[in-house]
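Visitor: A single structure is presented below for examination.
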Amino acid sequence: MQNNHYHTLIVGGGPGGILAALSAREQGREVFLVEQNEKLGKKLYITGKGRCNLTNACDSQTFFSNIIRNPRFMYSALYGFDQQALMNLVEAEGCPLKIERGERVFPVSDKSSDIIRALQKALQKRGVQIMLNTRVENIMLDSAGTMAVGVALKTGQKITADKIVMATGGITYRSTGSDGSGLAMVKKLGHHIIPCRPSLTGLETREGWPARAQGLTLKNVDVSLWHNEKDIKTIRGEVLLTHFGVSGPVILSMSAFIEQDPQAYHLTLDLKPALSDQQLNDRVLRDFEEFNNKDLDNALVQLLPGKMIPIVLNLSELDVRKKVNQITKAERKKLIYRLKHLELQVTDYYDTNAAIVTAGGVDVKEVDPKTMASKKIDHLFFAGEMLDVDGLTGGFNIQIAASTGYAAGRES
6 MQNNHYHTLI VGGGPGGILA ALSAREQGRE VFLVEQNEKL GKKLYITGKG
56 RCNLTNACDS QTFFSNIIRN PRFMYSALYG FDQQALMNLV EAEGCPLKIE
106 RGERVFPVSD KSSDIIRALQ KALQKRGVQI MLNTRVENIM LDSAGTMAVG
156 VALKTGQKIT ADKIVMATGG ITYRSTGSDG SGLAMVKKLG HHIIPCRPSL
206 TGLETREGWP ARAQGLTLKN VDVSLWHNEK DIKTIRGEVL LTHFGVSGPV
256 ILSMSAFIEQ DPQAYHLTLD LKPALSDQQL NDRVLRDFEE FNNKDLDNAL
306 VQLLPGKMIP IVLNLSELDV RKKVNQITKA ERKKLIYRLK HLELQVTDYY
356 DTNAAIVTAG GVDVKEVDPK TMASKKIDHL FFAGEMLDVD GLTGGFNIQI
406 AASTGYAAGR ES
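Sequential numbering of the sequence shown, starting at 6, is according to this note's numbering.
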């Protein structure tokens, strides 16, 4: 560290912090970035199952529809630094990209390390000064307590700056540095923190039957999320049955719509959403005719995965050993209903630390959406997962971090 005063001080070396640094350097500002980990972009290494789903190449309207909390807050930031801008930056540093199903953008190599290497090259080219393995303890204010003037490090050193950008992440994947410490610092300064909770995560359920089919993926099912008997959201896709409850792409997305105590929500699964009740009844009748002399469980082999047959029959209160030719119309009706209405009571999120993203954070009402500047403390800015903005899976959250970071690094 050549001196202890800089124009722009960035706290946090994830995508938000990196883009804030690059943005500030574009305007010729002296930038110093402090990261508590041994390397930058540690959380990026594990995103997209190690492939790094960098962004999403969809149109802007679709992008905003995939932001769950406070999409309007993102208008200025996203238009100021959009998906194409991020893609151009990474490709200019030697990391070619590709667009896959759902407009998801990945490195051609399928290696998240190539994304991080490209961002590091961009920082090096622009002369951003970086200090790793360094933890910030608190934000220093002026004597009036209204303006951020620097940070105090755990080592005892103090760094002053004209502008401080906080980009320390949320509360998930704590091993990557997202331990909530930055949020605690700004809360002490008077900022309101929307309670943090995991998002894009599996859900624990009261019912034990998912554990009996652990590892099974139910494909092309409709999942509905209910709160106080109100259907909040219905999504079609894949559900993974686990030892704790349910996971998989649809469930991860569903978790983003849980706003309160998870125990106030329940799920219903429609295993045959492409068929109406009558169409499903006709289908079951055809199977029953084909397997007329078989036990009931053997008559459903063409309709359900093997692991699900005893579960569905049990929940329908039907005897698996009962002969098909003895099934009454009323019993068949119960089976049809259960195939279209498998209920699961949510009890909790699965492992907060393993959630893909954090919901909650700094209340955006207290942040200027054009500059990411604090409305409470002068010269203090925010970026990335610290803000109460989050989206669905598909590259949206990294882009949110990058766009807010770029906005925070610019001159206001």
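Glycine is no exception: its CB is placed at the ideal position from the N, C-alpha and C atoms.
DSSP three-state call for M145: helix, strand or coil?
Guide: Note: M145 maps to strand in three-state DSSP.
Visitor: Which same chain residues, not among the five before or five after L146, have their C-beta less than 8 Å away from its C-beta?
Guide: Correct list, in chain order: M152, A153, V154, L194, I382.
Visitor: Hey, which unbroken runs of the alpha helix (DSSP H) at 4 residues or more fall wholly within the stretch 192-270?
Guide: The qualifying runs are 214-217, 254-260.
Visitor: Distance check for N58 and P101, CA to CA, integer angstroms please.
Guide: Cα-Cα distance, rounded: 13 Å.
Visitor: By Cβ distance below 6 Å, which residues in the same chain neighbour A216 in space, the five residues on each side in sequence not counted?
Guide: Excluding residues within five positions, the ones whose Cβ falls inside 6 Å are H248.
Visitor: What three-state label does DSSP hand Q350 in the structure shown?
Guide: Three-state DSSP puts Q350 in a strand.
Visitor: Grab me the residues of S81's own chain with a C-beta within less than 6 Å of its C-beta, minus the 5 sequence neighbours each way, in chain order.
Guide: Here the set comprises P374, K375.
Visitor: Short of 8 Å in beta carbon distance, which residues of its chain neighbour A279, apart from the five on each side in sequence? Order them along the chain.
Guide: The answer, listed in chain order, is N225.
Visitor: Please report the residue range of the beta strand (DSSP E) in which Q134 lies.
Guide: Unbroken beta strand (DSSP E) run through Q134: 134-136.
Visitor: With a floor of 4 residues, list each alpha helix (DSSP H) that falls wholly inside the stretch 303-345, ordered by position along the chain.
Guide: You should have 313-320, 334-345.
Visitor: For the alpha helix (DSSP H) holding F296, just list the boundary residues, first then last.
Guide: Unbroken run through F296: none, as it is neither H nor E.
Visitor: Tell me, please, which residues DSSP counts as bridged to Y11.
Guide: Answer is A166.
Visitor: Do A172 and H232 count as a contact pair if the criterion is CB distance below 8 Å?
Guide: Contact flag unset, no.
Visitor: Identify the continuous beta strand (DSSP E) that holds E105 and give its terminal residues.
Guide: E105 -> beta strand (DSSP E) spans 102-105.
Visitor: Is it a yes or a no for the stretch 281-296 touching the stretch 335-349, going by three-plus beta-carbon pairs under 8 Å?
Guide: With a cut-off of 8 Å, the stretch 335-349 and the stretch 281-296 count as touching, because enough Cβ pairs lie within range.
Visitor: Classify P112 as helix, strand or coil using the three-state DSSP reduction.
Guide: Residue state, collapsed to three classes: strand.
Visitor: When we look at the beta-carbon of N75 and count the other beta-carbons within 10 Å, is it buried (16 or more) or exposed?
Guide: By the neighbour-count rule (16 or more Cβ atoms within 10 Å), N75 is buried.
Visitor: Kindly indicate which three-state DSSP category E416 falls into: helix, strand or coil?
Guide: E416 falls in the coil class under three-state DSSP.
Visitor: Which residue marks the beginning of the beta strand (DSSP E) containing F387, and which one marks its end?
Guide: Run containing F387: 385-387, per the beta strand (DSSP E) assignment.
Visitor: In the DSSP assignment, find the unbroken beta strand (DSSP E) run with F86 in it and report its ends.
Guide: Here F86 belongs to no beta strand (DSSP E), and DSSP marks it neither H nor E.
Visitor: Compute the beta-carbon to beta-carbon distance between L137 and N42, rounded to the nearest angstrom, for a pair I have assumed lies under 8 Å.
Guide: L137 to N42, Cβ: 7 Å. Contact.
Visitor: Buried or exposed for R202, please, with buried defined as at least 16 other CB atoms from any protein chain shown within 10 angstroms of its CB.
Guide: Buried, since its Cβ has 16 or more Cβ neighbours within 10 Å.
Visitor: Which of the three DSSP states, helix, strand or coil, is assigned to M6?
Guide: Because the pLDDT at M6 is just 47, under 50, the model does not fix this residue reliably, and the value given afterwards should be weighed accordingly. Reduced to three states, the DSSP call for M6 is coil.
Visitor: Under the rule that 16 or more other beta-carbon atoms within 10 Å means buried, what is Q88, buried or exposed?
Guide: Buried, by the Cβ-count rule.
Visitor: Determine the contact status of V4 and A26, defining contact as a CB-CB distance below 8 Å.
Guide: The requested residue 4 is not part of the displayed model; the chain covers only 6 to 417.
Visitor: According to the neighbour-count rule (16 or more other Cβ atoms, all chains shown, within 10 Å of its Cβ), is R30 buried or exposed?
Guide: Answer is buried; the Cβ neighbour count reaches 16.
Visitor: Are G22 and A388 close, meaning C-beta to C-beta below 8 Å?
Guide: Yes.
Visitor: L246: which of I237, L274, P267 sits nearest, CA to CA?
Guide: The option with the nearest alpha carbon to L246 is L274.
Visitor: With which residues is N61 paired in a DSSP beta bridge?
Guide: According to DSSP, which records beta bridges pairwise, N61 is partnered with R109.
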